[in-house]
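This report concerns only the one structure given below.
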Amino acid sequence: MKYFRYYESTVVGSSRSHITLNIAQKTKCSLHVYQDSNCTHNLIQVQVPMSEEQQQQKEPELNEFQKYNNAVDQTKLPLFSRAQLQRYNGVDRPEIYVAIRGIIYDVTHNSKSYGPGKAYNRLVGKDASRQLGTNKLQLGPNEQLADDPENTWYTGDLTEKQNQTVDKWGEFFRKRYKIVGLVVDQHDRD
């Protein structure tokens with residue numbers, strides 16, 4: 001990830017202003033000048049790449065979920081069939097689970113969003129990859145048929161953009177919820 005430092009200055013009317021920056025030679029910078037519709041204000045923005053040392057200082061601290069998820073050994077996680085996963089809905093069992101691309105996340109602590117009758121409850125107890133990729137909380141009957149029994153998180157027919165959306169949701173969940181298991185088909189467990 002590349003970070004940039006921004007320098008800005010505003011020029012009003014015909015007055016002149018200048019920005020003095022000490023930038024190392026051969027450093028690629030970009031300069032943007034924005035002018036309002038009345039041509040009375042100009043915003044000058046200079047974008048300068050940060051050094052690796054500055055980038056490392058800017059890296060955000062990992063939260064408890066990210067630390068846990070980065071350390072978890074997925075080969076030792078419990079395996080859930082789709083039928084087993086359906087029971088983790090906040091009604092049949094108190095835990096509330098959502099899976100993305102076969103990875104199961106415990107969203108129980110956010111029951112105000114995922115609990116019974118709540119906005120995201122339609123994602124609960126299943127692999128929601130298709131729903132998230134197509135941006136639909138409710139899939140139609142034909143869309144549900146696309147779920148390949150050999151692959152419980154089938155997204156092969158989604159567009160590249162839709163698959164990127166699924167990946168972004170996976171990143172979102174990894175930052176906020178603990179990984180608790182993996183989805184497999186019943187015949188894979190035998």
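For the sequence shown, UniProt numbering begins at 1 and goes up steadily by one.
C-beta atoms are modelled at their ideal positions from N, C-alpha and C, and glycine is treated no differently.
Give me whichever residues DSSP pairs with residue i in a beta bridge.
i: Tyr-97; result: Asp-106
i: Asp-127; result: Ala-99
i: Phe-80; result: Val-183
i: Asn-89; result: Ile-96
So residue i is in the beta strand (DSSP E); what residue range does that whole segment cover?
i: Gly-181; result: 178–183
Between the C-alpha atoms of residue i and residue j, what's the straight-line distance to the nearest angstrom?
i: Asp-148; j: Gly-102; result: Model confidence at Asp-148 stands at a pLDDT of 46, short of 50, so the residue's coordinates are unreliable; what they give is reported in the following sentence. Distance between the alpha carbons of Asp-148 and Gly-102 is about 13 Å.
i: Lys-136; j: Glu-53; result: 42 Å
i: Val-98; j: Tyr-114; result: 9 Å
i: Pro-116; j: Asp-106; result: 15 Å
i: Trp-169; j: Thr-75; result: 22 Å
i: Ala-71; j: Gln-164; result: 24 Å
i: Asn-69; j: Asn-121; result: 23 Å
i: Tyr-154; j: Gly-125; result: 16 Å
i: Phe-173; j: Asp-92; result: 23 Å
i: Leu-79; j: Leu-158; result: 25 Å
i: Ser-81; j: Lys-67; result: 27 Å
i: Ser-111; j: Ile-96; result: 8 Å
i: His-109; j: Gly-90; result: 11 Å
i: Lys-178; j: Glu-64; result: 9 Å
i: Glu-160; j: Leu-132; result: 13 Å
i: Leu-123; j: Ile-104; result: 12 Å
i: Arg-176; j: Val-184; result: 23 Å
i: Thr-134; j: Gln-162; result: 6 Å
i: Val-180; j: Pro-60; result: 24 Å
i: Glu-171; j: Ile-100; result: 10 Å
i: Glu-150; j: Pro-94; result: Annotation note: pLDDT 43 at Glu-150 (below 50); position unreliable, coordinate value reported separately. Going from the Cα of Glu-150 to the Cα of Pro-94 covers about 29 Å.
i: Gln-86; j: Val-166; result: 20 Å
Would you call residue i buried or exposed, if buried means 16 or more other Cβ atoms sit within 10 Å of its Cβ?
i: Asp-73; result: exposed
i: Arg-130; result: buried
i: Gly-156; result: exposed
i: Leu-62; result: exposed
i: Ala-119; result: exposed
i: Ala-83; result: exposed
Can you name the start and end residues of the alpha helix (DSSP H) that residue i belongs to?
i: Lys-120; result: In the sequence as presented, Lys is not what sits at residue 120; that position holds Tyr. Here Tyr-120 belongs to no alpha helix (DSSP H), and DSSP marks it neither H nor E.
i: Glu-64; result: 64–71
i: Lys-136; result: Taken as a continuous stretch (DSSP letters only), Lys-136 belongs to no alpha helix (DSSP H), as it is neither H nor E.
i: Tyr-114; result: 111–114
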